Amino acid sequence: CRRYGKVVEVIGTMLKVAGVQVSLGEVCELRQHDGTLLQRAEVVGFSRHLALLAPFGELIGLSRETRVIGLGRPLAVPVGQALLGRVLDGLGEPSDGQGPIAGDTWVPIQAQAPDPMRRRLIEHPIPTGVRIVDGLMTLG
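Numbering-wise, full-length UniProt numbering puts 138 at position 138 of the sequence shown, and it's gapless, one number per residue.
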């Protein structure tokens, strides 16, 4: 299965890509011909033999030479103790300057929400300093 292709058309904020075998929801990297990462995008549809991608940011720098590489997975974030106290951007990448997050488990952002009735009770509340939040919506 071929994991890379090329941008053949840009219409508004939608990219049409040929030559790559990807699946719906898969994340792709958009790279310049020298390998420099320009952007990431998600596969949002198909039109005949082309994949339709929605980039996660600006389209500046994209060209017909832009190489598209399918990563074989949906957009996901690491979960676990290493995530506590960290700040992530909209793509699940750390934006706090503390380097990558060492996580063994990755969860797709489109995953099923956990059942709130099966969660453990909060034993150690985290005070927010906002009385209405602390009183009505205990965090922990």
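Every residue, glycine too, gets a C-beta built ideally from N, C-alpha and C. Values in this document were obtained by computation on a predicted structure and should not be read as measured data.
- Nearest C-alpha to residue 120 among 26, 140 and 136: 140.
- In this structure, residue 101 places its C-beta atom within 8 Å of the C-beta atom of residue 94.
- For residue 105, DSSP records a beta bridge to 79.
- Secondary-structure assignment with DSSP links residue 31 through a beta bridge to 37 and 67.
- In the structure shown, residue 137 adopts coil according to DSSP, grouped into three states.
- When C-beta atoms of the region 74-81 are compared with those of the region 47-54, fewer than three pairs fall below 8 Å, so the two segments do not count as touching.
- In this structure, residue 79 sits near residue 105, with a CB-CB distance shorter than 8 Å.
- If you ignore the 5 residues before and after residue 122, its C-beta comes within less than 6 Å of the C-beta of 138 and 140, all in its own chain and listed in chain order.
- Around the CB of residue 7, 16 or more other CB atoms lie within 10 Å, so the residue is classed as buried.
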